[in-house]
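In the UniProt record's numbering, the protein residues as written are 1 to 146.
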C-alpha cells in the first residue's frame, strides 16, 4: 500500500515540478531548446525541445536502478511515479494536443478539450516572455467553460 501511495504522490508532485521547470527553465535558461516548440510548424520529426524527455528520464532510470539493487525499495516507486507522469505527459502533450501522432483527433471529453484550450493559450506567445498555463495535467477551470 505504501508503494502505491509513493507512486501516486510522486505522480502528483511531478505536475508541480513540470510547472516550475517549464516556466523557469524551459522559458528561461534553456529557452534555446524549447524555442522551436513554440513555432507554428515543425520542420522535422524531432524538435530540440525533445531533449527534455531525456532530461526527465534520467532520474527515473537512476531511481529504478538503485530501487532494485537489493530488492525493490521506495526509490523504485519514486521512479515509477516519474515514469507514469512522463507517459501521461507524452500522451497528453504530444499525442492529444500537438497531434504528433494522430491517435485521438476527435475527442469530446471536456477535460481533454480544456487541456487543449489551455495549451493553445500557452502557445499563443511565440517568445519566452508573457507565458501562461505552464502545467500539463491540471489547468485552470476557466478553460473547461470556454
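For each residue, glycine too, the CB sits at the ideal point set by N, CA and C.
Keep in mind the model is a prediction, meaning the values are calculated, not measured.
Query: Would you kindly work out how many angstroms separate the C-alpha atoms of residue 55 and residue 19, rounded to a whole number?; Result: 15 Å
Query: With distances taken Cα to Cα, identify the nearest neighbour of residue 90 among 78, 50 and 45.; Result: 50
Query: What does the alpha-carbon distance come out to for the pair residue 107 and residue 69?; Result: 42 Å
Query: Spatial neighbours of residue 81 within its chain, please: C-beta separation below 6 Å, excluding the five flanking residues on both sides.; Result: 7, 10 and 11
Query: Let me know if residue 96 comes out buried or exposed under the rule of 16 or more other beta-carbons within 10 Å of its beta-carbon.; Result: buried
Query: With the cut-off set at 8 Å, would you say residue 158 and residue 63 are in Cβ contact?; Result: The requested residue 158 does not occur in the structure, where the chain is confined to residues 1 to 146.
Query: Is the CB-CB distance between residue 57 and residue 86 below 8 Å?; Result: yes
Query: Tell me which same chain residues have a C-beta within less than 7 Å of the C-beta of residue 3, skipping the five on either side of it?; Result: 77
Query: In the structure shown, what three-state DSSP assignment does residue 69 receive?; Result: strand
Query: If we require 4 or more residues per run, which alpha helix (DSSP H) segments fall completely within the region 73-139?; Result: 74-89 and 110-123
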